[in-house]
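**Student:**
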Amino acid sequence: MLTIWGRISSINVQKVVWAAGEVGQPFERIDIGGKFGGNREPAYLAKNPNGQIPTLEDGEIVIWESSSIVRYLAARYGAGWIWEEDPAKRADADRWMDWMLSELQPSMTPAFWGLIRKTPGYTEPAAIDASIAKAEAKLDILEAHLAGRSYLAGERFGMADITVAPGAHRWLHMPVPQKDWPNIRRWYQHVSARPAAGPALPLPIS
Ligand SMILES: N[C@@H](CCC(=O)N[C@@H](CS)C(=O)NCC(=O)O)C(=O)O
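So in my numbering, spot 42 of the sequence shown is number 1045, and the numbers just go up one at a time.
1) Could you check what DSSP says for W1067 in three-state terms: helix, strand or coil?
2) As a quick exercise: from P1113, P1207 and H1172, pick the residue whose alpha carbon is nearest that of V1194.
3) CB of S1070 to nearest heavy atom of ligand 1: below 7 Å?
4) Across which residues does DSSP place I1033 in a beta bridge pair?
5) Compare the C-alpha of K1137 against each of V1065, S1110, G1124 and A1163 and name the closest.
6) In terms of residues, what are the limits of the alpha helix (DSSP H) holding E1139?
7) Does T1058 pass the burial test, meaning 16 or more other C-beta atoms within 10 Å, or should it be called exposed?
8) For the region 1112 to 1123 and the region 1139 to 1150, state whether three or more C-beta atom pairs, one from each stretch, are separated by less than 8 Å.
9) If you run the structure through DSSP and keep just helix, strand and coil, what is L1059?
10) Would you tell me roughly how many angstroms separate the C-alpha atoms of W1021 and A1199, rounded to the nearest one?
11) Who are the near neighbours of W1116 in its chain, counting only those whose CB is closer than 8 Å to its CB and skipping five residues on each side?
12) Work out the CA separation of E1139 and L1206 for me, nearest whole Å.
13) Identify the residues that DSSP records as bridge partners of W1086: which are they?
14) With N1015 as the anchor, note down where its alpha helix (DSSP H) starts and where it stops.
15) Would you identify the three-state DSSP class for L1206, choosing helix, strand or coil?
16) Within 10 angstroms of the Cβ of D1164, are there 16 or more other Cβ atoms? Answer buried if so, exposed if not.
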């Protein structure tokens, strides 16, 4: 039995919950972080010195960083399924996973914090507008890539879809004027209908 530490409202926890479901591994998820707190306690910091979520425990193995956890679950339990042995095919997925963490999430997070979480310091309209513009520019890249494709990387569902779709889920439910993005909507509706996505993508976003 896996243990996933982290509240489900976290986009990074959502990736891990979805991946665990896809590879058929039972898990216990423990609410920690945000309003639940607990992530600065010494016992948790001993597992994850960043004091952030998610953290995965698989027996004696402890892993933090959401994309690394998804890769671990895929490699260990998803061989022949969501794990690609071919380096080129795997790099195709890897780049979107890294893009999610380093490009898309940072662009959309200030607007999310300002509009949804009302986090002090993020509610200035100018800062929210700047975040919306940056997120839209990144989503335009995703929209162009998804033209004529069913999945983000390769011919079948995989790690990249699991990692990036929670970003689409969040943005498409944000109270902002929504661009058209037909390819993103088609892809998001397709992959988010998977049974393993249900527990990972709660609504309303919070
Ligand atoms: N790069 C890390 C980022 C982790 C992160 O920023 N986690 C946020 C939630 S999405 C967090 O721990 N926030 C503090 C809290 O929830 O109390 C990852 O991908 O796992």
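Just so you know, even glycine gets a beta-carbon here, dropped at the ideal spot from N, CA and C.
**Tutor:** Reading off the structure:
1) Walking along the sequence shown from the start, residue 1067 turns up at place 64. Residue state, collapsed to three classes: strand.
2) Along the sequence shown, read from residue 1 onward, the residue named residue 1194 stands at position 191. The residue with the shortest Cα to Cα distance from V1194 is H1172.
3) Locating residue 1070 in the sequence shown gives position 67, where the first residue counts as 1. Because some heavy atom of ligand 1 lies under 7 Å away, the Cβ of S1070 counts as near it: yes.
4) One-based indexing of the sequence shown puts residue 1033 at position 30. For I1033, the beta-bridge partners assigned by DSSP are W1008.
5) Position 134 of the sequence shown, counted from the first residue, corresponds to residue 1137. When C-alpha distances from K1137 are compared across V1065, S1110, G1124 and A1163, the shortest belongs to S1110.
6) The residue you call residue 1139 lines up with position 136 of the sequence shown. E1139 -> alpha helix (DSSP H) spans P1128 to L1149.
7) For the purposes of this step, residue 1058 is identified with residue 55 of the sequence shown, where counting begins at 1. Here T1058 is buried, its C-beta having at least 16 other C-beta atoms within 10 Å.
8) No: fewer than three Cβ pairs fall under 8 Å.
9) Here the question's residue 1059 lines up with position 56 in the sequence shown. Strand at L1059.
10) Position 18 of the sequence shown holds residue 1021. Position 196 of the sequence shown holds residue 1199. Here the C-alpha atom of W1021 lies approximately 5 Å from the C-alpha atom of A1199.
11) Walking along the sequence shown from the start, residue 1116 turns up at place 113. The residues are T1122 and Y1125.
12) Translated into the one-based positions of the sequence shown, residue 1206 becomes position 203. Translated into the one-based positions of the sequence shown, residue 1139 becomes position 136. Each residue's Cα considered, the two are about 21 Å apart.
13) Walking along the sequence shown from the start, residue 1086 turns up at place 83. Looking at the DSSP assignment, W1086 forms a beta bridge with A1082.
14) For the purposes of this step, residue 1015 is taken as residue 12 along the sequence shown, with counting starting at 1. From DSSP, the alpha helix (DSSP H) with N1015 extends over I1014 to E1025.
15) Looking up residue 1206 in the sequence shown gives position 203. In the structure shown, L1206 sits in coil (DSSP, three-state: anything other than H, G, I, E or B).
16) One-based indexing of the sequence shown puts residue 1164 at position 161. Per the 10 Å Cβ criterion, buried.
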